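According to numbering that gives the first Met the number 0, the stretch in the sequence shown is residues 0 to 344, in order. This report refers to the structure that appears directly beneath it.
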Amino acid sequence: MSQTVKNQHYIPKSYLKNFGYLVAEYTRPSGKVDKKYSIYNIEKGGEIKHNSTKKICKMDYLYDLPFADEEHKQFIEKAYDQKIDKHFPEVTSFIEDDKSLTLSNEMREMVLKCGLSLYFRTPKHVTLSDKENLIISRLPKDKQQKLYNEFKTKRLESHLENFDKLFNQKRGNGICINKAVGDWDFISGDNPVIIRAKSGQFEGVFEASNIIHIPFTPKYCITIMPDNVSKEIPILARYDYSNDHIMTINHDIEKHHEQYVFGTERALNDYLNESPIYKAPVLDNDPRVLDMKNRALAFQHFVNIAEKHGVISNQAKTVFLYYWHSLPGFRKDPNNIKLKVELGY
């Protein structure tokens with residue numbers, strides 16, 4: 000019988016180490032190499048501190064099935080370990096390889112499963128709600144455990160069903176890999192999957208217009224495109240993210256975290272120092288807002304012309320260079336700088 004796992008990570012150690020740092024490495028007599036990682040984190044709005052990756056984002060027996068026998072009680076925990084968590088290093092290596100421009104079906108499945116699992120496996124989806132706990136508390140003591148076990152079993156089953164449903168919904172969608180090229184890095188947290196509908200708000204996890212962002216390392220964040228635009232972009236695309244985009248992701252990470260925000264020490268300090276500017280109320284005529292809107296409209300205009308006449312046509316070149324010379328934000332966008340060189344404009 001395999002060893003019982005008490006400390007079960009809802010954010011796997013293989014993901015946490017992407018944002019952590021190596022503190023020790025030693026070789027066992029068997030030849031196996033063990034590595035220990037620590038990670039800088041902010042817990043419940045406190046100060047920056049560092050902990051072992053083994054000591055954060057975990058709960059005792061979180062995924063244990065209440066009615067299962069001892070052999071099968073930890074089926075979910077072991078399935079996560081073997082089917083998801085062990086693939087994070089391979090997925091991370093693929094994401095970090097800027098030369099990887101094609102996505103095999105096998106890698107697509109691993110990217111989606113690793114990324115989307117980080118949404119459903121968190122405590123808010125697998126532990127009992129306040130309402131369920133209240134219902135239990137009103138029962139006689141001798142009946143409480145049975146109802147707790149029933150509620151817990153239903154929670155565990157539902158989170159797997161919803162995970163599978165969202166994975167199948169997104170398995171044909173475009174995936175973008177975004178690289179932080181500004182002054183700041185991505186941070187992450189214990190609820191690292193950011194889901195926004197077309198409105199910019201959360202309208203339900205299965206909303207077709209959702210765009211999903213998931214930081215994978217301090218330098219890379221993936222985006223899973225909406226269902227209704229998946230045919231308009233490549234299966235895999237790589238983009239550069241400037242400071243505004245990085246801070247938008249980081250702000251969402253902080254806004255949605257439950258207990259922990261984590262990242263490199265520098266990234267956390269940068270965020271704490273710069274975030275008040277981004278958290279302040281923003282008017283529609285704020286220069287930053289206008290710049291982002293103008294850049295988006297300009298690039299969409301260029302894409303429309305390029306699709307109609309060809310990306311190397313005189314018409315496309317004229318439109319691109321017009322915005323290049325007339326919009327400073329368009330000219331400073333790292334993706335446009337790269338595109339100008341690639342197209343020879």
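A virtual CB, placed ideally from N, CA and C, is assigned to each residue, including glycine. Predicted model, so just to flag it, every value in this text is computed and none were measured.
Please report the distance separating the alpha-carbon of residue i from that of residue j.
i           : j           : result
residue 26  : residue 34  : 9 Å
residue 74  : residue 307 : 53 Å
residue 77  : residue 196 : 33 Å
residue 45  : residue 273 : 17 Å
residue 254 : residue 90  : 26 Å
residue 52  : residue 256 : 17 Å
residue 229 : residue 173 : Confidence in residue 229 is poor, its pLDDT being 46 and thus under 50, which makes the residue's placement too unreliable to answer from.
residue 19  : residue 1   : 29 Å
residue 124 : residue 160 : 12 Å
residue 284 : residue 292 : 11 Å
residue 321 : residue 222 : 29 Å
residue 9   : residue 134 : 26 Å
residue 64  : residue 155 : 8 Å
residue 333 : residue 339 : 10 Å
residue 4   : residue 28  : 24 Å
residue 316 : residue 328 : 18 Å
residue 85  : residue 120 : 15 Å
residue 79  : residue 211 : 21 Å
residue 202 : residue 164 : 17 Å
residue 100 : residue 188 : 28 Å
residue 15  : residue 323 : 40 Å
residue 55  : residue 183 : 24 Å
residue 296 : residue 225 : 19 Å
residue 268 : residue 122 : 27 Å
residue 286 : residue 336 : 21 Å
residue 42  : residue 247 : 21 Å
residue 346 : residue 97  : This structure cannot speak to residue 346, because the chain is shown only from 0 to 344.
Per DSSP, what are the beta-bridge partners of residue i in this structure?
i           : result
residue 266 : Per DSSP, none; premise fails for residue 266.
residue 236 : 175
residue 8   : 57
residue 51  : 37
residue 222 : 175, 212
residue 273 : Answer by DSSP bridge pairing: none, since residue 273 is not bridged.
residue 42  : 259
Return helix, strand or coil for residue i, following the three-state DSSP convention.
i           : result
residue 17  : helix
residue 188 : strand
residue 32  : strand
residue 58  : strand
residue 137 : coil
residue 284 : coil
residue 110 : helix
residue 261 : strand
residue 27  : coil
residue 157 : helix
residue 75  : helix
residue 180 : coil
residue 229 : With a pLDDT of 46 at residue 229, under the threshold of 50, the modelled position of that residue is not reliable, and the figure given next carries that caveat. Helix.
residue 204 : coil
residue 302 : helix
residue 2   : coil
Hey, quick one: how far does the beta strand (DSSP E) through residue i stretch, first residue to last?
i           : result
residue 214 : 210 to 214
residue 195 : 193 to 195
Under DSSP, the alpha helix (DSSP H) around residue i begins and ends at which residues?
i           : result
residue 90  : 87 to 95
residue 245 : 242 to 255
residue 313 : 313 to 325
residue 339 : 333 to 342
residue 125 : 122 to 125
Exercise. Is the segment 167 to 181 close to the segment 109 to 119, with three or more CB pairs under 8 Å?
Worked result: yes
Exercise. Counting Cβ pairs closer than 8 Å, one from the segment 140 to 160 and one from the segment 193 to 208, do we hit at least three?
Worked result: no
Exercise. For the segment 297 to 307 against the segment 202 to 220, are there 3 or more C-beta pairs whose distance is under 8 Å?
Worked result: no
Exercise. Would you call the segment 237 to 244 and the segment 173 to 185 touching, i.e. three or more CB-CB distances under 8 Å?
Worked result: yes
Exercise. Does the segment 101 to 108 come close enough to the segment 122 to 134 to have 3 or more Cβ pairs within less than 8 Å?
Worked result: no
Problem set entry | Cβ contact (3+ pairs, closer than 8 Å) linking the segment 135 to 143 and the segment 53 to 61 | no
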